[in-house]
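Residue numbers (the UniProt record's numbering): 1 to 356.
Note that the Cβ used here is the ideal one computed from N, Cα and C, for glycine as well.
The structure appears below as structure tokens.
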Ligand code: NAI
Ligand code: MG
């Protein structure tokens with residue numbers, strides 16, 4: 001088994017180092033090979049996703065990814081920006097199904113921005129379509145407007161689009177996932193306004209016919225945003241498009257205490273996967289040794305479970321994370337009175353110790 005390790009930039013290098021430490025402590029047989037990606041690759045090779053990095057990713061059974069992006073690259077042409085590396089990997093590997101479990105650990109019930117009773121025991125799964133929608137739709141660009149409110153003005157445009165098979169395959173992923181949980185799927189759309197999401201709703205409804213044991217309901221995205229903070233435990237599996245899923249999963253992260261707690265898995269139809277924390281490169285705290293490595297460590301656990309067929313090892317990691325939280329250890333993003341503030345490396349060390 002080969003794992004491609006792509007730390008990226010910003011806090012990416014710091015948090016991936018901790019996840020690698022945890023993986024090594026498991027004493028399992030796999031090979032890990034590291035390659036630059038994002039800003040780090042731009043600095044080293046002039047491109048955020050060099051051919052050699054892409055080749056390594058393609059040849060691996062699983063990819064452990066940190067994060068990419070920094071404000072200092074905002075002025076670069078879009079194809080050279082670090083974020084193109086993660087979009088490029090998702091596209092090149094066909095990683096269309098993004099799993100983002102939002103679990104509120106018992107020890108963090110009070111770290112949530114919601115009242116403890118609203119999040120106690122929270123365990124929902126957001127399934128985000130990852131290779132379509134307005135993030136990839138063509139055409140896109142800038143031009144001089146010929147109509148609209150300000151003809152002659154500079155305007156920009158992107159294209160929201162989904163095809164029937166793209167929607168159907170993510171819907172099936174959601175129904176299958178729900179079968180292993182409490183058998184409820186909420187499909188989030190904006191069918192009242194957008195044709196793309198009317199097709200989404202139609203296709204999800206049709207696919208549902210093959211899953212009579214799973215309950216399906218539909219919700220508009222604005223209402224879903226509201227319900228997520230009103231009564232998050234009413235959800236089980238949420239399935240939605242790329243952009244809505246991006247936004248709703250960040251929102252859901254705050255229910256769990258911190259975005260630094262939220263892992264993710266992005267899978268293709270061959271069960272090859274890319275595993276990364278749901279957050280970005282956090283340039284505001286990069287290099288300070290304070291980033292929470294738990295989302296990345298929990299992503300490594302998802303990798304062991306989904307791509308490397310090591311469910312016991314995944315359980316061990318998750319148990320170790322609960323143990324360090326129970327010990328009261330907190331990185332600053334989840335620190336509160338009565339807990340012990342630790343940095344990135346100390347948190348990683350604590351997880352390794354808890355494994356033993
Ligand atoms: P972000 O997720 O990097 O940061 C948002 C806030 O959360 C910041 O205040 C940050 O300090 C905090 N935060 C994030 N992860 C944390 C952790 N592990 N521990 C403690 N605090 C944490 O999102 P932002 O600021 O919108 O984007 C920063 C850069 O990251 C941008 O260049 C963006 O494009 C990129 N990005 C990359 C992603 C990826 O590599 N998959 C995903 C999202 C954003
Ligand atoms: Mg995001």
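(1) Which of the three DSSP states is assigned to residue 162 in this structure?
(2) If you compare alpha carbons, which of 335, 295, 331 is closest to residue 317?
(3) Helix, strand or coil for residue 9, going by three-state DSSP, please let me know.
(4) Could you name the residues of the same chain whose beta carbon sits closer than 8 Å to that of residue 58, not counting the 5 residues immediately before and after it, in chain order?
(5) For residue 176, count the other beta carbons within 10 Å of its own beta carbon; 16 or more makes it buried, fewer makes it exposed. Which is it?
(6) Give me the Cα-Cα distance between residue 114 and residue 227, rounded to the nearest whole angstrom.
(7) So, is residue 306 buried or exposed, given that buried needs 16 or more other C-beta atoms within 10 angstroms?
(8) Answer with buried or exposed for residue 13, where buried requires no fewer than 16 other C-beta atoms within 10 angstroms of its C-beta.
(9) So is residue 159 buried or exposed if we call it buried at 16+ other beta carbons inside 10 Å?
(10) What are the complete alpha helix (DSSP H) segments, minimum 4 residues, inside the region 108 to 187?
(11) Give the single residue among 61, 214, 311, 290 whose Cα lies nearest to the Cα of residue 329.
(12) Ligand 1 heavy atoms versus the CB of residue 50: any closer than 7 Å?
(13) Once DSSP output is grouped into helix, strand and coil, what is the label at residue 34?
(14) May I ask whether a heavy atom of ligand 1 can be found less than 7 Å away from the beta carbon of residue 342?
(15) Apply the 10 Å Cβ neighbour rule to residue 150 and answer buried if 16 or more other Cβ atoms are within range, or exposed otherwise.
(16) If you draw a straight line from the alpha carbon of residue 63 to that of residue 335, how long is it in whole angstroms?
(17) What are the start and end residues of the alpha helix (DSSP H) that includes residue 297?
(18) Do residue 40 and residue 8 have their beta-carbon atoms positioned less than 8 Å apart in this structure?
(19) Would you check if the region 134 to 148 and the region 176 to 190 touch, i.e. whether three or more CB-CB distances between them fall below 8 Å?
(20) Would you check whether ligand 1 has a heavy atom nearer than 7 Å to the C-beta of residue 276?
(21) Counting along the chain, where does the beta strand (DSSP E) carrying residue 316 start and finish?
(22) My understanding is that residue 302 touches residue 314, with C-beta atoms under 8 Å, so please give their C-beta distance in whole angstroms.
(23) I'd like the ranges of any beta strand (DSSP E) spanning at least 3 consecutive residues and lying wholly in the region 210 to 234.
(24) Going by the C-beta, is residue 37 closer than 7 Å to any heavy atom of ligand 1?
(25) Our contact map puts residue 248 next to residue 126 with C-beta atoms below 8 Å; I'd like the distance itself, whole angstroms only.
Let's see:
(1) The three-state reading of DSSP puts residue 162 in coil, since its state is none of H, G, I, E or B.
(2) Distances from the CA of residue 317 to each of 335, 295, 331 were compared; the closest alpha carbon is that of 295.
(3) Residue 9 falls in the coil class under three-state DSSP.
(4) Result list for residue 58: 92, 93, in chain order.
(5) Counting every other CB atom within 10 Å of its CB across the protein chains shown gives residue 176 a total below 16, marking it as exposed.
(6) Distance between the alpha carbons of residue 114 and residue 227: 12 Å.
(7) Counting Cβ neighbours within 10 Å, residue 306 comes out buried, since at least 16 surround it.
(8) Under this definition residue 13 is a buried residue.
(9) The residue is exposed, with fewer than 16 neighbouring Cβ atoms inside 10 Å.
(10) Runs found: 116 to 119, 164 to 179.
(11) Answer by Cα proximity: 290.
(12) No, since every heavy atom of ligand 1 falls outside the 7 Å radius drawn around the Cβ of residue 50.
(13) It is a strand residue.
(14) Answer for residue 342: no, Cβ out of range of ligand 1.
(15) Of the other Cβ atoms in all chains shown, fewer than 16 fall within 10 Å of the Cβ of residue 150; this residue is therefore exposed.
(16) CA-CA distance, residue 63 to residue 335, rounds to 30 Å.
(17) Here the alpha helix (DSSP H) through residue 297 covers 294 to 306.
(18) Yes, the pair counts as a contact, with Cβ atoms nearer than the cut-off.
(19) Contact between the region 176 to 190 and the region 134 to 148 is not established, with fewer than three Cβ pairs separated by less than 8 Å.
(20) For ligand 1, at least one heavy atom lies less than 7 Å from the Cβ of residue 276.
(21) Residue 316 -> not in any beta strand (DSSP E); alpha helix (DSSP H) instead, spanning 311 to 326.
(22) In this structure, residue 302 and residue 314 form a Cβ contact; the two beta carbons are roughly 7 Å apart against a cut-off of 8 Å.
(23) Scanning the region 210 to 234 from its first residue to its last, the whole beta strand (DSSP E) runs of 3-plus residues come out as 215 to 220.
(24) No; taking the cut-off as 7 Å, the Cβ of residue 37 has no heavy atom of ligand 1 nearer than that.
(25) Their Cβ separation, rounded to whole angstroms, is 6 Å, which keeps residue 248 and residue 126 in contact under 8 Å.
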